[in-house]
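Enquirer: Protein chains in written order, with this note's numbering: chain A, 1 to 59; chain B, 1001 to 1340. One structure follows; several queries about it will come next.
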Amino acid sequence: MAEEVPEGVRVAELIDLFKENDQSLIVEVNRRFVHPRDYRTYEIKAGDQVEFDPAGFRG
Amino acid sequence: MPGGRHRKQELFPGLGTEGQAALARSTVLVAGCGATGGTIAALLVRAGVGRVRIVDRDFPELTNLGRQLLYDEADLAAGLPKAVIAREKLGRMNSEVEVEGIVADINPGNVLDLIEGVDLILDGLDNQATRYLINDAAVSRGLPWVYVGCLGSAGNVMTVIPGRSSCLRCLFPHPAPPGTLPTCDTAGIIGPAPSLVASAAAAEALKLLSGSGDLLTRGLFTFDLWTDNFRVISLPAPSPACPCCGERRFEFLAGWLYSGAATMCGIDAVQINPPGAARLNLAGLAGRLDPEALISVNKYLVRFQAEGFSFAVFPDGRVIIHGTTDHGQARALYDRYIGF
Chain A
1 MAEEVPEGVR VAELIDLFKE NDQSLIVEVN RRFVHPRDYR TYEIKAGDQV EFDPAGFRG
Chain B
1001 MPGGRHRKQE LFPGLGTEGQ AALARSTVLV AGCGATGGTI AALLVRAGVG RVRIVDRDFP
1061 ELTNLGRQLL YDEADLAAGL PKAVIAREKL GRMNSEVEVE GIVADINPGN VLDLIEGVDL
1121 ILDGLDNQAT RYLINDAAVS RGLPWVYVGC LGSAGNVMTV IPGRSSCLRC LFPHPAPPGT
1181 LPTCDTAGII GPAPSLVASA AAAEALKLLS GSGDLLTRGL FTFDLWTDNF RVISLPAPSP
1241 ACPCCGERRF EFLAGWLYSG AATMCGIDAV QINPPGAARL NLAGLAGRLD PEALISVNKY
1301 LVRFQAEGFS FAVFPDGRVI IHGTTDHGQA RALYDRYIGF
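Written as structure tokens, this is what we have:
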């Protein structure tokens, strides 16, 4: 599912917006990992592609 | 004929005869021998890795058979632990490989002994806490390890080279609180997911052990087989602020952050670890129990039923209690029937 998001929105705001409350969330922007400590400051720019994935901890 | 078994593998330019010889000189630990660990172990034994040590705490269940390729219906009836079954079956796959099967729960008290002498650790685990423990142990010893996780139709693989690549705590500094992660019970799982993730991990092992470490996947391999989504996510350099590889605070290894109770993946059960080292006299325990409650007794475990719950008791004092996911209830049942 792809959705447009406003430029300048921060990763933490996107997590809230899309209710991605999984505690083991992987956030990537343009196929680069975003560290959880940067969620509140990392701003999305025009053309960025953001993906949310759950990390698998089962096996 | 020793030279013939791996002929086709040796024809692969990435390995060749030198790479194959390097595999034969290598030792790996496969931590956990379920869906992912069992497939990883089988691939590495068949590939001719010299010594494969497998550690698993569990025994096969009916709900495992849909994805845990090492086990079959006869194994359910035999009532033996997975590590014992796996050692026998893996030994039949390649008698040139030294296979060691250890029935144990990996915990702060034994993990350093279990990784002693290995060149690489592969993650076949079914829980988050033990992965953080393996991460601590591997980084503390400078050992590479391959994180392998899956759920549903998706999976992740990441090779950790201490000092050179991000470790698990660089990415996820703190484990999610108990009960907050999806499990095989809540999200389900399909067999192809662990098989694919295990194959990717085995390939990482072959590269690293054969001397092609420069070709290791640089990042976090992630996929979802249901949505046809495969990619490698670039990772940052190891974080100086990482509690594990940056600050070298091995909190899981020290036992500070390691719980004695764990919910088992895919089954309605909790494992309880006794505090400290313990040895249980299984025959003595079986003798104390109501004979009608006993399901099976052998040298590896005693199984019995009580109060509508099913217990599997191991010689190291561990108990897997089926019929609950409530840690408090499981601890109380442990205290009642086994005693701390």
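Yeah, the Cβ is synthetic: ideal placement off N, Cα and C, and Gly gets one too.
(1) According to DSSP, is Ala990(B) part of a helix, a strand, or is it coil?
(2) Name the chain A residues whose beta carbon is nearer than 9 Å to that of Asp1126(B)?
(3) Taking its Cβ as the centre, do 16 or more other Cβ atoms sit within 10 Å of Ser1166(B), making it buried, or is it exposed?
(4) Which residues, in order along the segment 1108-1127 of chain B, keep a beta-carbon less than 9 Å from a beta-carbon of chain A?
(5) Is there at least one Cβ from chain A nearer than 8 Å to Arg1169(B)'s Cβ?
(6) Between the Cα of Arg1005(B) and the Cα atoms of Pro1013(B), Ala1024(B) and Glu1073(B), which residue gives the shortest distance?
(7) Grab me the residues of Leu1225(B)'s own chain with a C-beta within less than 7 Å of its C-beta, minus the 5 sequence neighbours each way, in chain order.
(8) Shortest alpha-carbon distance to Glu1088(B) belongs to which of Val1045(B), Ala1129(B), Asn1064(B) and Ala1077(B)?
(9) Going along chain A, which residues have a C-beta under 8 Å from Gly1101(B)?
(10) What does the alpha-carbon distance come out to for the pair Phe1309(B) and Asp1326(B)?
(11) Anything in chain B within Cβ reach of Glu28(A), meaning under 7 Å, just list it in chain order.
(12) The alpha helix (DSSP H) that contains Thr1036(B), what's its start and end?
(13) What beta strand (DSSP E) runs, 3 residues minimum, are completely inside the segment 1280-1340 of chain B?
(14) Taking only the alpha-carbon atoms, compute the straight-line gap between Val34(A) and Arg1057(B) and give it to the nearest angstrom.
(15) Under three-state DSSP, which class holds Ala1254(B)?
(16) For the beta strand (DSSP E) that contains Ala1031(B), what are its first and last residues?
(17) For Val1118(B), list the residues DSSP reports as bridge partners.
(18) Any Cβ of chain A within less than 8 Å of the Cβ of Gly1188(B)?
(19) Name the chain A residues whose beta carbon is nearer than 7 Å to that of Cys1150(B)?
(20) So Arg1067(B) and Ile1267(B) are supposed to be a Cβ contact under 8 Å. How far apart are they, rounded?
(21) Classify Gln1128(B): buried if its beta carbon has 16 or more other beta carbons within 10 angstroms, exposed otherwise.
(22) Tell me the rounded alpha-carbon separation between Ile1161(B) and Pro1173(B).
Expert: Let me spell this out:
(1) Only positions 1001 to 1340 of chain B appear in the structure, and residue 990(B) is not among them; the question remains open.
(2) Taking the first residue of the second sequence as position 1, residue 1126(B) is located at position 126. By Cβ distance, chain A contributes Phe57, Arg58 and Gly59.
(3) Your numbering for residue 1166(B) matches position 166 in the second sequence. With 16 or more other Cβ atoms within 10 Å, it is buried.
(4) Cβ contacts with chain A: Asp1123, Gly1124, Leu1125, Asp1126 and Asn1127.
(5) Indexing the second sequence from 1 puts residue 1169(B) at position 169. It does not; no Cβ of chain A falls within 8 Å.
(6) The residue labelled residue 1005(B) in the question sits at position 5 within the second sequence. Closest option to Arg1005(B), Cα to Cα, is Ala1024(B).
(7) Indexing the second sequence from 1 puts residue 1225(B) at position 225. The residues are Ser1153, Pro1192, Ala1193 and Leu1196.
(8) Within the second sequence, residue 1088(B) is the residue found at index 88, counting from 1. For Glu1088(B), the nearest C-alpha among the options comes from Val1045(B).
(9) Within the second sequence, residue 1101(B) is the residue found at index 101, counting from 1. None at all; the shortest Cβ gap to chain A is about 18 Å.
(10) Stepping through the second sequence from its first residue, residue 1309(B) is reached at position 309. Stepping through the second sequence from its first residue, residue 1326(B) is reached at position 326. Spanning the two alpha carbons is a distance of roughly 12 Å.
(11) Counting from 1 along the first sequence, the entry for residue 28(A) is found at position 28. Chain B residues near Glu28(A): Ile1233.
(12) Position 36 of the second sequence, counting from 1, holds the residue named residue 1036(B). Residues Ala1035 to Ala1047.
(13) 1294-1297, 1302-1306, 1309-1313 and 1319-1322
(14) Position 34 of the first sequence, counted from the first residue, corresponds to residue 34(A). Position 57 of the second sequence, counted from the first residue, corresponds to residue 1057(B). For Val34(A) and Arg1057(B), the distance between alpha carbons rounds to 35 Å.
(15) Translated into positions along the second sequence, residue 1254(B) becomes position 254. Looking at Ala1254(B) - three-state DSSP - the assignment turns out to be coil, as it is neither helix nor strand.
(16) Here residue 1031(B) refers to the residue found at position 31 of the second sequence. Where Ala1031(B) is concerned, the enclosing beta strand (DSSP E) stretches over Thr1027 to Ala1031.
(17) Against the second sequence, residue 1118(B) aligns to sequence position 118. Note: Val1118(B) sits in no beta bridge, so no partner.
(18) For the purposes of this step, residue 1188(B) is identified with residue 188 of the second sequence, where counting begins at 1. It does not; no Cβ of chain A falls within 8 Å.
(19) Position 150 of the second sequence holds residue 1150(B). Neighbours of Cys1150(B) on chain A, chain order: Gly56, Arg58 and Gly59.
(20) Position 67 of the second sequence, counting from 1, holds the residue named residue 1067(B). Position 267 of the second sequence, counting from 1, holds the residue named residue 1267(B). That belief does not hold up - the Cβ atoms of Arg1067(B) and Ile1267(B) are roughly 13 Å apart, past 8 Å.
(21) For the purposes of this step, residue 1128(B) is taken as residue 128 along the second sequence, with counting starting at 1. By the 10 Å Cβ count, Gln1128(B) comes out buried.
(22) Position 161 of the second sequence, counted from the first residue, corresponds to residue 1161(B). Position 173 of the second sequence, counted from the first residue, corresponds to residue 1173(B). Pairing Ile1161(B) with Pro1173(B), the inter-Cα distance amounts to about 17 Å.
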